[in-house]
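Read the structure below first, then the notes.
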Amino acid sequence: MLKLKNVTKGAKETIGTIRLKKDFRRNKLLNLKVAIIGAGISGLSAALLLKKLKCDVTVFEKNKYLRSEGAGIQITSNGSFVLKKLGLDKPVIRAGIKPNNLCLFDEDDFKCIGSLEILERLKGRYGRSFITLNRSLLVKILFEKVKQEKIQVKFGSRALPLVGEDGNNISISYNGKKINKDLIVVADGVGSSWKKTIFREIKNRSISQCAYRFVLNNTKLPAIFSDNNINLFFGKGRHFVTYPTGNNGMINFVFCKRESGKMINDWKEKVSKQQFLNDFEIDESLQICLPGIKNIYRWPVIESEIPITLQKKNVVMVGDAAHAMLPYMAQGANKALEDSWELSKCIKEFPLDLSKGLSRYSKKRIRRIRQLDKISNFNEKAYHLEQKILRRTFFVFLRLITVFSPNFFFKRLDWIYKHEG
Ligand SMILES: Cc1cc2nc3c(=O)[nH]c(=O)nc-3n(C[C@H](O)[C@H](O)[C@H](O)COP(=O)(O)OP(=O)(O)OC[C@H]3O[C@@H](n4cnc5c(N)ncnc54)[C@H](O)[C@@H]3O)c2cc1C
């Protein structure tokens, strides 16, 4: 009897100690003061996930308000996984649309090379279908949640890095003030000033691609564009993609090609219709739809070198700041969401040793970035073939896969779309 009493007492003590340890760990994170630099997809998702860990989070955004530029964006199952963790998968699905098919065309004659049913196939394979929507709506949904969670967002606040003389102390310079934080999450996009100052070794690869983007109402478009499909048109040394951005009848067009001239590093460079047509001769059936066009944006496609590390002292990079890659796997936003998820997971894993958590994050993400970078670069070459014989061979290959082995098409991409951190 006495023995049993002692065992129960011992067990109670052990449970008590475990609880104390857990509370202690939680309190450590509770005290963590975090600054997020940038209120894009990576910054806002990181803010939400770190707030979930009970960190004290402040977001600095240089613009005075959330900018509404940006056309369509694709969320694949790996990105949806993170949105689900944030409880935002349903609002995002409502704001966007799930395309039915992926259709591949030869741009020369608009002839269909092959098509794959994706709505049910992807749901069956990954548990979630792809979603296409307007980028600004995704940012808005994340921001609404940030407001709900009472996370402080300082708009009109350009936050810059401040490195102490000994190189050890990294803080934030903002409005002439110096702000110290336990953790600084750099989410300031491709032109990151933090990356240049703190992570000096990382450079952008030269800009050799450009993308023209615009949205058109589907009522004026031939059926080939207005159906609820993702269409990929392979041209000579170029390609273009179209997909709906929701149930509002708007279709997103992105035209990509190699570009040797000098380009402005900005998302907002507007070009005239004529300028676009001069640069990108397009099929007449599409040209006649262009009167309805409001704005055409020309974007530089920026690709950064693969970083050696994403962490220095108490600073980590996420999203495009960490690594901007060619958009030919449509992983920009998804990678940003993955980064935020992995960061919060690693911090949670090492609540008593932040630098260990950050270093784990950096290692894990660099491994993944390398793989994503490789496949995006491979697609760039395949999508922009110049020689007729190579293009024909590529089309035959695609035709055979879509007809005889549609699952093979996605099987080789499982490591991207099945990723759950
Ligand atoms: C205006 C815009 C439109 C886009 N549209 C599309 C699209 O239609 N389709 C698509 O696939 N991708 C688009 N992208 C890219 C896509 O959003 C990114 O690839 C991906 O979401 C990762 O974003 P991010 O949050 O890392 O960086 P970004 O989306 O670039 O966000 C970075 C944020 O940091 C802010 N910032 C920069 N410097 C500072 C500073 N010093 N202090 C404080 N704040 C700072 C910027 O104002 C910006 O809000 C767009 C990006 C931008 C900025």
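With the numbering used here, letter number 323 in the sequence shown gets 345, and the count goes up by one each step, no holes. In this text, a Cβ means the ideal position worked out from N, Cα and C, and glycines have one as well.
With a cut-off of 8 angstroms on the beta carbons, I'd call residue i and residue j a contact; round off their distance for me.
i	j	result
residue 90	residue 164	That pair is no contact at about 14 angstroms.
residue 123	residue 137	5 angstroms
residue 192	residue 356	About 29 angstroms; that fails the 8 angstroms criterion.
residue 217	residue 207	Actually they do not touch by this definition, with Cβ atoms about 13 angstroms apart.
residue 140	residue 420	15 angstroms between Cβ atoms; not a contact.
residue 211	residue 60	6 angstroms
For residue i, list the residues DSSP reports as bridge partners.
i	result
residue 183	194
residue 235	276 and 319
residue 385	Partner(s): none; residue 385 has no beta bridge.
residue 261	256 and 278
residue 96	154
residue 80	57 and 174
residue 22	Outside the displayed span of the chain (23 to 443) sits residue 22, for which this structure offers no information.
residue 139	123
residue 207	58 and 338
residue 266	273
residue 201	194
When the distance is taken between beta carbons, is residue j closer than 8 angstroms to residue i?
i	j	result
residue 318	residue 293	yes
residue 447	residue 63	Because the chain in this structure spans residues 23 to 443, residue 447 falls outside the shown range and cannot be described.
residue 119	residue 250	yes
residue 235	residue 404	no
residue 56	residue 204	yes
residue 358	residue 341	yes
residue 84	residue 221	no
residue 348	residue 300	no
residue 233	residue 276	yes
residue 428	residue 252	no
residue 155	residue 267	yes
residue 432	residue 147	yes
residue 100	residue 350	no
residue 161	residue 54	no
residue 244	residue 326	no
residue 369	residue 75	yes
residue 230	residue 291	no
residue 305	residue 426	no
residue 382	residue 371	yes
In its own chain, which residues sit with a C-beta less than 7 angstroms from the C-beta of residue i, not counting the 5 before and 5 after it?
i	result
residue 363	71, 104, 107 and 443
residue 248	240 and 273
residue 407	413 and 416
residue 24	With a pLDDT of only 46 at residue 24, under 50, the local geometry of the prediction cannot be trusted, and no value is derived from it.
By Cβ distance below 6 angstroms, which residues in the same chain neighbour residue i in space, the five residues on each side in sequence not counted?
i	result
residue 279	260
residue 219	183
residue 173	69, 73 and 79
residue 254	126 and 263
residue 435	none
residue 339	208 and 332
residue 1	In the structure as shown, the chain starts at 23 and stops at 443, and residue 1 therefore has no counterpart that could be examined.
I'd like to know whether the C-beta of residue i is nearer than 8 angstroms to at least one C-beta of chain C.
i	result
residue 402	Included in the structure is just one protein chain, with no chain C present.
Using C-beta distances below 8 angstroms, list every residue in its chain close to residue i, excluding the 5 sequence neighbours before and after it, in chain order.
i	result
residue 269	119
residue 391	328, 329, 344, 345, 347 and 357
residue 314	238, 239 and 242
residue 423	136, 430 and 431
residue 386	364 and 368
residue 144	99, 150, 151, 152, 432 and 439
Ranges of the beta strand (DSSP E) found wholly within the segment 290–314, counting only runs of at least 3: none
Please give me, in chain order, every unbroken run of the alpha helix (DSSP H) with length at least 4 that falls completely inside the segment 355–442. 376–405, 410–426, 428–433 and 436–439
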